[in-house]
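Structure first, then comments.
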Amino acid sequence: MNTPKFVEIIEVGPRDGIQNEKVMIPTESKIELVNLLSTTGIKRMEVTSFVSPKHVPQMADSEEVFNNIQKDNGVQQMALIPNLRGYQIAEEIGVNDIALFVAASETFNNKNVRMSIAESISQLSNVVERAKEQEKFIRFDISTAFYCPFEGYVPMENVLRVVDLLESFSVDEIVLCDTVGRANPKQVFELFSTVLDKSPKAKITAHFHDTYGLSKANALAALQAGIASFDTSIGGLGGCPFAPGAAGNDSTEDFVFMLHEMGIETGIDLSKLMECVELIKSFTDRDLTGHLHKIKNIKL
0 MNTPKFVEII EVGPRDGIQN EKVMIPTESK IELVNLLSTT GIKRMEVTSF
50 VSPKHVPQMA DSEEVFNNIQ KDNGVQQMAL IPNLRGYQIA EEIGVNDIAL
100 FVAASETFNN KNVRMSIAES ISQLSNVVER AKEQEKFIRF DISTAFYCPF
150 EGYVPMENVL RVVDLLESFS VDEIVLCDTV GRANPKQVFE LFSTVLDKSP
200 KAKITAHFHD TYGLSKANAL AALQAGIASF DTSIGGLGGC PFAPGAAGND
250 STEDFVFMLH EMGIETGIDL SKLMECVELI KSFTDRDLTG HLHKIKNIKL
């Protein structure tokens, strides 16, 4: 089996995971989660987002969260930015690493940000230009890269067109997202192989949801295609407020366990990840989709 020897994990639980929770999570709990995750060996994390609190109430305290999490701990702390106003807020409070997003599906992009794909990219190109002038790290998510909850299957050429546009911006990282968890391993292998064969300048990362129980199979297909960077969410928290039926992200602890069992290094302490899962249990009332926490007397 052709797989990388080392895989980088980008923890998105504090942002993508928490944003869809129905019960409001206290600000201090979010801060505690970010700080505890930072002790596990994870080196990159989406810690919050500067989106409209009207549409994503869980992120209403984003400034307070970012201002109070521990800094200078060797962890890249990224914030999701929807538009120029969000960037201005991030700029004011000293965010150095930003994540932007656009969909590969016109309908999803319109429902998410009320703009066409072309309009989104045009607006965000100004953010990219400003961020590059300030030497900030720029990650760009392409949501619905495989399937759209409104249009169905998303043709590969639609995704490649967006990848090419983002490449022209010279962004640092492009994330291909299975927003609704409907991708299959064949589709995943073909898309990631094609993107890598095009020799993109940006780093390519995979982002899977487990709606149909295929996240691990899809991750394995991405690994075999040559991807060595994955978004995951502690406890399997997640979902998208704008994607009906989307389940949680691939569970960080389960994915790390799988990689370690395969002899693939991550630099992450699995026992400390499980401490983070226990912390999550204290402030959410829903069943976590991860599997490890359900196993009694687990041997890690």
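Position 90 of the sequence shown, counting from 1, maps to 89 under numbering that gives the first Met the number 0, and the rest follow consecutively. Backbone N, C-alpha and C define an ideal beta-carbon position, used for all residues, glycine too.
Item to complete: Put phenylalanine 100 into one of helix, strand or coil per three-state DSSP.
Response: strand
Discussion item. According to DSSP, is asparagine 108 part of a helix, a strand, or is it coil?
Written reply: helix
Discussion item. Rounded to the nearest angstrom, what separates glycine 212 and threonine 251 at their Cα positions?
Written reply: 15 Å
Practice prompt. Helix, strand or coil for serine 48, going by three-state DSSP, please let me know.
Written response: Three-state result, serine 48: strand.
Item to complete: Could you name the residues of the same chain whose beta carbon sits closer than 7 Å to that of threonine 47, not counting the 5 residues immediately before and after it, in chain order?
Response: Pro13, Arg14, Met58, Ser61, Val64, Phe65, Ala78
Discussion item. Quick check on the burial criterion: 16 or more other C-beta atoms within 10 angstroms. Buried or exposed for alanine 205?
Written reply: buried
Worksheet item: Any idea which residues DSSP pairs glutamate 172 with across the strands?
Response: Arg138, Lys202
Discussion item. For glutamine 75, which residues in the same chain have their Cβ closer than 8 Å to its Cβ, ignoring the five residues on either side in sequence?
Written reply: Lys42, Arg43, Met44, Asp96, Phe136
Worksheet item: In three-state DSSP terms, what is asparagine 296?
Response: Coil, per DSSP.
Discussion item. Considering only the alpha carbon of each residue, which of Glu134, Arg138, Asn157 lies closest to phenylalanine 145?
Written reply: Nearest C-alpha to phenylalanine 145: Asn157.
Worksheet entry | Three-state secondary structure (DSSP) of glycine 151 | strand
Worksheet item: Quick one: what's got a C-beta closer than 6 Å to arginine 138's C-beta in the same chain, skipping five residues either side?
Response: Ala98, Glu172
Worksheet item: So does the stretch 213-224 actually touch the stretch 182-195, counting three or more Cβ pairs closer than 8 Å?
Response: yes
Fill in: Residue interval of the alpha helix (DSSP H) (run including phenylalanine 188)
Membership of phenylalanine 188 in the alpha helix (DSSP H) is indicated by the continuous run 184-196.
Discussion item. Taking the alpha carbon of serine 192 as the reference point, which residue from Glu166, Phe168, Ala227 has its own alpha carbon closest?
Written reply: Ala227
Worksheet item: Among residues of its own chain, excluding the 5 on either side of glycine 73, which ones have a beta-carbon nearer than 7 Å to its beta-carbon?
Response: Lys42
Worksheet item: From the DSSP output, which residues share a beta bridge with threonine 231?
Response: Glu10
Discussion item. Quick check: the stretch 17-32 against the stretch 252-260, are at least 3 beta-carbon pairs closer than 8 Å?
Written reply: By the criterion of at least three beta-carbon pairs nearer than 8 Å, the stretch 252-260 is not in contact with the stretch 17-32.
Practice prompt. With DSSP collapsed to three states, give me the class of leucine 213.
Written response: coil
Discussion item. Taking the alpha-carbon of leucine 291 as reference, which of Phe282, Arg285, Glu277 has the nearest alpha-carbon?
Written reply: Cα-wise, what sits closest to leucine 291 is Glu277.
Practice prompt. Report whether the distance from the Cβ of glycine 266 to the nearest heavy atom of the ligand GTP is below 8 Å.
Written response: The ligand GTP is not among the ligands present in this structure, which contains no ligands whatsoever.
Worksheet item: Using the C-alpha atoms, what's the distance from isoleucine 279 back to leucine 32?
Response: A direct Cα-to-Cα measurement between leucine 32 and isoleucine 279 gives close to 8 Å.
Worksheet item: If you draw a straight line from the alpha carbon of valine 101 to that of isoleucine 116, how long is it in whole angstroms?
Response: Computed Cα separation, rounded: 7 Å.
Fill in: Pairwise C-alpha distance: threonine 2 and glutamate 150
When only Cα atoms are considered, glutamate 150 and threonine 2 end up about 33 Å apart.
Worksheet item: Per DSSP, which one or two residues make a beta bridge with asparagine 248?
Response: Residue pairing by DSSP places asparagine 248 opposite His208 in a beta bridge.
Discussion item. Output needed for alanine 363: all residues of its chain with C-beta closer than 6 Å, excluding positions within five of it in sequence on either side, in chain order.
Written reply: Residue 363 cannot be examined here, being either before or after the span of the chain that is shown, 0 to 299.
Worksheet item: Between the beta-carbon of asparagine 248 and the beta-carbon of aspartate 286, is there less than 9 Å?
Response: no
Worksheet item: Are there 16 or more other CB atoms within 10 angstroms of the CB of aspartate 163, so buried, or fewer, so exposed?
Response: exposed
Worksheet item: Less than 9 Å separating the beta-carbons of isoleucine 9 and threonine 265?
Response: For the 9 Å CB-CB criterion, isoleucine 9 and threonine 265 do not form a contact.
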